[in-house]
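Notes follow once the structure below has been shown.
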C-alpha cells in the first residue's frame, strides 16, 4: 500500500469557523493520504469535521470558514494555491463530489441527458452529438437504460437519480471522487445497489474514492482503509482488517461497540458517555479525555499526535488498546 | 389473546389520491395487517420507506383511523372512538416517541414546562408542587440527573440525546402502558442512540411497558425486540421471532432486505443487484405486492394475493410456503438474486 502512488495528500489541515463567541476549531492538524485506486473512508459522528475536510479539498468552504493552515496536495500540486482557472479544471475533471441529497439537486425542468451534457460541455470542446453519445454511455455505466436520456428527474426513483448524479461525477473521468453520505437518504436495498455499483466502477475505471459517512458498518464492508475523526482531529487511520479486530483508539473501540449487529450473540451494548467538547474553547489535553474509559493523567498534557504504526495504520492516543482488550 | 396489549385485526388504511383530472384512486398504505403485542413485549416493525410502518404507528396513536379492521388496546376496541374525551382517555394508555427530537419540542418553553404540561393536562388534580415533584421523578427515570441541572434549560441548550430523553419523559408523564417509538434513534449518533435504546429496554423491564418499535434498521430491531413484523408495500410479509427471521428468513423480500443490510461481521458477501423501483400502491391488490421484483414469482403470484401461512411461530405471506410444515426451513435463499437486475 505504501509504495502506491499518492493521489491526495492532506497535511496538518486546520479549518476555523468564525462564530459570535469566537473561533470554532472545526478541523485541527488533520493529515492523511489517499492512494491511487484506494477506497478510503472518513468516519465520525456529527460535527467531527469530516464534511469540512471534504469541502476544504474541493475548495468549497464559504462565508465564516477559512483554512487556517496546512496543505492539500493533489497529484503533487498544491490545491490551496490554485488560480481560479486551475480550480475550475480541478473540480470535476480531476476531482468530483457527490453530496448526500444530490439527487434532489438535479434541475427539475431539464432532462437528465442535457444536465449530463452540460457537465461535459463545460469542460470539453465537443460537438453536441458526441457529448450526447457520452451521456448515453454514462447512463449505461450506472445501469440506467440510455433510452431514458430524455427523462426528467421526477420521472426517476430516488436511487436512480442518485445514480445519475454519480454518472455526472464520473463524466470527466476524475482521479478522485468524494462521496459525502451518498446513500444516507436511501433505503438499504437501494443503498446496497449503489454501493456495489460504485465499487464496480472504481474497479473498472481506477479512480480513488473518499467516502464519508457516519455509518460504520457500511464503511467496514466497502473501504480499504478508514480514518476516524473526533472533535475535528484525526483519532485513528487503519486498514479495515485492523478495525474489525477492534481498533487501537478508545474512541474507535467505543464506536465499534455501539453498533448493534445481525450476527453473533445478542449482547448489551453501551454508548459513549458524555458529549463532544466545545470547539471554541477546547480543553488543553486529549479531546476525548472526558468520555474515555482508559484515560490517564498524562492525557491532560496535550492532544496526542497521530503516531504511525506501520502498515497504513496510525493512531492518536497515548494509551492505545491492544487487540485483546475488550 | 386476552393478554395482548395491542391487537391489529385485519387493519387497512387507504388514502384518497387524485389521478388525472377526474379520476380518483386510493393508495393502500396499509393493507390487511394483523398482529398482536403481548403486555410488556417489544415488537419491532421493519421495512423501507413507504412500506406503511409509520402509518401503522399513527393508527395506533389515533392520528389516523383505519379504513377497515379494528385495533384493540388492552382488550378494548379503540377504532372509531373519536370523541375528545375518549381520545384523551386513550392517550393515557398510548403515547408516542418521535423520530426528530429537534422538531418535537417547543423551543420557546423550558423543558420542565414541556414535561410538566403533560402531567398537568392528564392529572389536573395535582398541586403545582406535586407536578414539579413528578417532573423531577420523570427526569430521573430517563437518566437526566441531577434533574435540577436540566429543568431550567430550553431544548436548544440540550444535545440530541438529551432532547430525546425529554421526549420520552413527556411520553411517560401520563403513565402510559404502551409506547409507540417511530425511528427514535435514527437522527442521533450511534454512541448516543444506543443509550436511548438501552433506556427504552430498561423502562420495559422496570415499568412493564409495551412497545411498538418502528425502524428501518434490522440490527436495531434485533437489539430491541424479541419479535418482529416485516412490512413490504403495506403488507406484513413475515412475522415471528427476531432471531428466527434473521437467522433463516423465509419470505423472498426478507431475504433481500437482510442481505442488503451492511454487516461487516457476516461471513458470506453477496453480489446482488436488486432494482429499487417502489411498488405501485395504487393498483388493484389482487397480487403479491412483491411479485414485480421477486425472482421466484409465478403467474399465480401476479393474479392472486397470497394468504398467511403459519410455520411454527412464523407467519409468512408467500405461496412458496403454502404447504410448508412446522420445522421446514426457508425455500429460498439469497442466490435467487445472484447477478439479477430486477
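Protein chains in written order, with this note's numbering: chain A, 486 to 811; chain B, 732 to 1073.
Ideal Cβ positions, reconstructed from N, Cα and C, are used throughout, including at glycine.
Because the structure is a prediction, the values reported are computed rather than measured.
Within the segment 761-844 of chain B, the complete alpha helix (DSSP H) segments of 4 residues or longer fall at 784-791, 815-822, listed in chain order. Per DSSP, reduced to three states, the secondary structure at residue 891 (chain B) is helical.
Interface annotation, residue 757 (chain A): in contact with chain B, CB-CB separation under 7 angstroms. CA-CA distance, residue 756 (chain B) to residue 737 (chain A), rounds to 51 angstroms. If you draw a straight line from the Cα of residue 744 (chain A) to the Cα of residue 754 (chain A), it is about 8 angstroms long. When beta bridges are read from the DSSP output, residue 758 (chain B) appears opposite B:746.
One finds nothing in chain B with a Cβ atom closer than 8 angstroms to the Cβ of residue 775 (chain A); even the nearest lies about 13 angstroms away.
Secondary structure note for residue 880 (chain B): its alpha helix (DSSP H) is the uninterrupted segment 879-882. In the three-state reduction of the DSSP assignment, residue 597 (chain A) falls in the helix class, which pools H, G and I. For residue 582 (chain A), the enclosing beta strand (DSSP E) covers residues 580-583.
For residue 1018 (chain B), the three-state secondary structure derived from DSSP is coil.
Comparing C-alpha distances from residue 787 (chain A) to each of A:793, A:774, A:715 shows the shortest one belongs to A:774. For the segment 692-714 of chain A, the set of positions with a beta-carbon nearer than 9 angstroms to some beta-carbon of chain B reads 699, 700, 701, 702, 703, 704, 705, 706, 707 in chain order. Here DSSP, grouped into helix, strand and coil, assigns residue 556 (chain A) to strand. Residues are counted here when their Cβ sits less than 7 angstroms from a Cβ of chain A; for the segment 877-895 of chain B these are 890, given in chain order. The C-alpha of residue 776 (chain A) is placed about 6 angstroms away from the C-alpha of residue 759 (chain A). In this structure, the CA atom of residue 840 (chain B) is about 14 angstroms from the CA atom of residue 832 (chain B). Residue state for residue 1042 (chain B) is assigned as strand, using DSSP reduced to three classes. Using a CB distance below 8 angstroms, the part of the segment 524-547 of chain A facing chain B consists of 530, 531, ordered along the chain. By the rule that beta-carbons nearer than 7 angstroms mark a contact, residue 964 (chain B) does not touch chain A. Cβ contact annotation for residue 806 (chain A) (same chain, cutoff 8 angstroms, sequence separation greater than five): 731, 732, 733, 734, 735, 738, 779, in chain order. Unbroken beta strand (DSSP E) stretches of 3 residues or longer found wholly inside the segment 932-963 of chain B: 941-946, 958-963, given in chain order. About 5 angstroms separates the beta carbons of residue 509 (chain A) and residue 764 (chain A), which is inside the 8 angstroms limit, making them a contact pair.
With the criterion set as a beta carbon lying under 7 angstroms from some beta carbon of chain A, the members of the segment 965-998 of chain B are 977, 987, 988, 991, 992, 993, 994, 995, 996, 997, in sequence order. Under the three-state reduction of DSSP, residue 622 (chain A) is assigned to helix. Here residue 713 (chain A) carries a strand assignment [DSSP, helix/strand/coil]. Around residue 1063 (chain B), the same chain offers 983, 986, 1027, 1051 as residues with beta carbons nearer than 7 angstroms, after the five sequence neighbours per side are excluded. Secondary structure note for residue 975 (chain B): its alpha helix (DSSP H) is the uninterrupted segment 973-978.
Proximity to residue 605 (chain A) across A:577, A:556, A:625 peaks at A:577, based on C-alpha coordinates.
Nearest to residue 823 (chain B) by alpha-carbon distance, out of B:927, B:907, B:845, is B:907. Within the segment 841-871 of chain B, the complete alpha helix (DSSP H) segments at least 4 residues long are 842-853, listed from N- to C-terminus. Taking a Cβ-Cβ threshold of 9 angstroms, none of the residues of chain A is close to residue 903 (chain B); the smallest such distance is about 20 angstroms. Contacts with chain A (Cβ-Cβ distance below 9 angstroms) from the segment 932-963 of chain B involve 932, 947, 948, 949, 950, 951, 952, 953, 954, 955, listed in chain order. With a 10 Å radius around the Cβ and a threshold of 16 neighbouring Cβ atoms, residue 718 (chain A) comes out buried.
Around the beta carbon of residue 764 (chain B), 16 or more other beta carbons sit within 10 angstroms, so the residue counts as buried. Residue range 535-542 is occupied by the alpha helix (DSSP H) that includes residue 535 (chain A).
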